[in-house]
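J.: Start counting the sequence shown at 0; every next residue gets the next number (numbering that gives the first Met the number 0).
Glycine included, C-beta positions come from ideal geometry on N, C-alpha and C.
Since the structure is predicted, the reported quantities are computational estimates derived from the model, not experimental observations.
Take this structure first; my questions come after.
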Amino acid sequence: MAGAGTAVSLAGCLTEDGPGVEAGENWEPSETIRYIVPYDEGGGTDVYARGIVEPLTDAMGQDIQIDNVPGGGGLNGFGDLYGSQPDGHTVSGSAVPLEVTPQLLEDPGFDQRDLNGLGIIGRSTWCLVVNEEYEGEVETFDDVREKHNSGEWDSIGIQEPGSPQDIMTLLAKHEPEYADEYDWQWENRVQYTGTGPIAEAVTSGEVPCGIGTDAGTRPNVDSGGVYPVCTFFSEGTDVYPDIPSVTDEGYPNMDFVAGVNRGLYAPPDTSENIIDELANRIEEATQDERYAEWSEETGNPIFFEGPDAANTAIDDAFEEFENLDIVSLVDEHS
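What follows is the structure, given as structure tokens:
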């Protein structure tokens, strides 16, 4: 199940303590830390992991092994984390609320709410990108909508059923509260395992447009082949500060699903002293000038919010999706 891994050289050497120390005792990382990315290489979660990995290696004092475990709307990677030893040497990135609906749709055999939050290190938004063939012709969401509604385009790239892109496109076509104003008559939604594959599909012309995170689409935008048209998050995006949001164009707000928290989590039953130590070292990495330089170069916002914020992000997402009965919407139109 594991995908490509990236090892970062040892940046320091700390006194070794064995795993499984008792609560209240000092704990330090004593071996390579496995950093699971539950999506393909090139997606936003992967981009954030690789952006912070060098300062995080120094902060941890151990190698960091990035391991891409895509599939299941993020649940393959979360399941891998769930079954890992709670000794502080396995963590996972996340894209909350991306992983919520897949769990609501089909019981994966674990509950991601049992994971232990370590912190939130950034935030992304969902953006619509278009193949460069249409640059100068398609510049707004209105233009994209017209391409689909006229029948000139029949497809759009998204992620699996229950993903934020899936939910947003369903709301815009089928849910009266949104569809009455969006009236987005797309025909086919081509599903991919993450933003990276979506951006590649749009670049190659496999689909004319797709929805991915700002962080994950930036490499393809920078290298050419695609360009961003709009974001679905009302506050806009720091990555593409010049593009409008759909709410700027007069469409209803979808913020409950249009933003992505870049969180880090540890397995269930990880002791509080390990959580605190990992969180402290992650916070140290977010304050490193190399991470700040990466943020400035890419436009991806960085900050640190602690374990409580990471736990709350998952809990709040589940509550919001259950209150809106998102599962019924997805089931009806899958």
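For Ser244, does the count of other Cβ atoms within 10 angstroms reach 16, so buried, or fall short, so exposed?
T.: Taking the first residue of the sequence shown as position 1, residue 244 is located at position 245. It counts as buried.
J.: For the putative contact between Leu55 and Ala284, defined by C-beta atoms under 8 Å, what is the C-beta separation to the nearest angstrom?
T.: Here residue 55 corresponds to residue number 56 of the sequence shown, with the count starting at 1. Here residue 284 corresponds to residue number 285 of the sequence shown, with the count starting at 1. Correct: roughly 4 Å between the Cβ atoms.
J.: Around the Cβ of Val189, are there at least 16 other Cβ atoms within 10 angstroms (buried) or fewer (exposed)?
T.: If you number the sequence shown from 1, residue 189 lands on position 190. The residue is exposed, with fewer than 16 neighbouring Cβ atoms inside 10 Å.
J.: Taking only runs that begin and end inside the segment 139-198, name each unbroken beta strand (DSSP E) of 3 or more residues, in chain order.
T.: 154-157 and 187-190
J.: What residue does the beta strand (DSSP E) around Ser91 start on, and which one ends it?
T.: Walking along the sequence shown from the start, residue 91 turns up at place 92. Note, Ser91: beta strand (DSSP E), Thr89 to Gly92.
J.: Would you call the segment 54-68 and the segment 28-35 in contact, with 3 or more CB pairs under 8 Å?
T.: A contact exists between the segment 54-68 and the segment 28-35.
J.: Starting from the C-beta of Pro18, find all residues in its chain whose C-beta is less than 6 Å away, skip the five residues before and the five after it, and write them out in chain order.
T.: On the sequence shown, position 19 is the one that residue 18 refers to. Only weak support is given to the placement of Pro18: the predicted model assigns it a pLDDT of 43, under 50, and the value that follows is read from those uncertain coordinates. Contacts found: Asp86.
J.: Give the secondary structure of Phe232 by DSSP, where H, G and I count as helix, E and B as strand, and everything else as coil.
T.: Stepping through the sequence shown from its first residue, residue 232 is reached at position 233. Of the three classes helix, strand and coil, the one that applies to Phe232 here is coil, per DSSP.
J.: Since Arg122 and Arg261 are thought to touch, with beta carbons under 8 Å apart, how far apart are those beta carbons, to the nearest angstrom?
T.: Along the sequence shown, one-based indexing puts residue 122 at 123. Along the sequence shown, one-based indexing puts residue 261 at 262. Indeed they touch by this definition, with Cβ atoms about 6 Å apart.
J.: Assuming Pro227 contacts Ile242 (C-beta within less than 8 Å), just tell me the rounded distance between them.
T.: Mapped onto the sequence shown, residue 227 falls at position 228. Mapped onto the sequence shown, residue 242 falls at position 243. Rounded, the Cβ-Cβ distance is 5 Å, consistent with contact.
J.: Helix, strand or coil for Ile313 per DSSP?
T.: Translated into the one-based positions of the sequence shown, residue 313 becomes position 314. DSSP places Ile313 in helix when its eight states are reduced to three.
J.: Can you tell me which of the three DSSP states Ser333 falls into?
T.: In the sequence shown, residue 333 corresponds to position 334, counting from 1. In this structure, Ser333 counts as coil in the three-state DSSP scheme.
J.: I want to know whether the segment 261-270 touches the segment 150-170 - three or more CB-CB distances under 8 Å.
T.: no
J.: What's the call for Pro175, buried or exposed, on a 16-neighbour Cβ count within 10 Å?
T.: Along the sequence shown, one-based indexing puts residue 175 at 176. Burial call: exposed.
J.: Using the DSSP secondary-structure output, state which residues sit across from Ser294 in a beta bridge.
T.: Looking up residue 294 in the sequence shown gives position 295. Paired residue(s): none; Ser294 is not in a bridge.
J.: Would you check if there are 3 or more beta carbon pairs closer than 8 Å linking the segment 194-205 to the segment 127-143?
T.: yes
J.: Counting pairs of beta carbons, one from the segment 98-108 and one from the segment 316-328, are three or more of them closer than 8 Å?
T.: yes
J.: Under 7 Å, do Ile197 and Gly156 count as touching if we go by C-beta distance?
T.: To locate residue 197, count along the sequence shown from 1; it is residue 198. To locate residue 156, count along the sequence shown from 1; it is residue 157. Closer than 7 Å, so yes.
J.: Whole alpha helix (DSSP H) runs in the segment 68-110 with 4 or more residues, listed along the chain?
T.: Taking only runs of at least 4 residues, the alpha helix (DSSP H) segments lying wholly in the segment 68-110 are 74-81 and 99-104.
J.: Please confirm if the segment 74-93 is in contact with the segment 264-273, defined as three or more CB-CB distances below 8 Å between the two stretches.
T.: Yes: the two stretches touch, three or more of their Cβ pairs being nearer than 8 Å.
J.: For Met253, tell me which candidate among Tyr47, Gly78, Thr230 and Asn187 has the shortest Cα-Cα distance.
T.: Translated into the one-based positions of the sequence shown, residue 253 becomes position 254. Cα-wise, what sits closest to Met253 is Thr230.
J.: Based on Cα-Cα distance, which residue from Glu295, Tyr239, Pro306 and Val68 lies nearest to Trp125?
T.: The residue you call residue 125 lines up with position 126 of the sequence shown. Comparing Cα positions, the closest option is Tyr239.
J.: Looking at the secondary structure, which residues open and close the alpha helix (DSSP H) in which Gly215 lies?
T.: Numbered from its first residue, the sequence shown carries residue 215 at position 216. Counting along the chain, the alpha helix (DSSP H) containing Gly215 begins and ends at Asp213 to Ser222.
J.: Of the choices Asp141, Asn75 and His173, whose alpha-carbon is the least far from that of Thr246?
T.: Stepping through the sequence shown from its first residue, residue 246 is reached at position 247. The candidate whose alpha carbon is nearest that of Thr246 is Asp141.
J.: Following the continuous alpha helix (DSSP H) through Gly43, name the residue where it begins and the one where it ends.
T.: Looking up residue 43 in the sequence shown gives position 44. For Gly43, the uninterrupted alpha helix (DSSP H) segment begins and ends at Gly43 to Met59.
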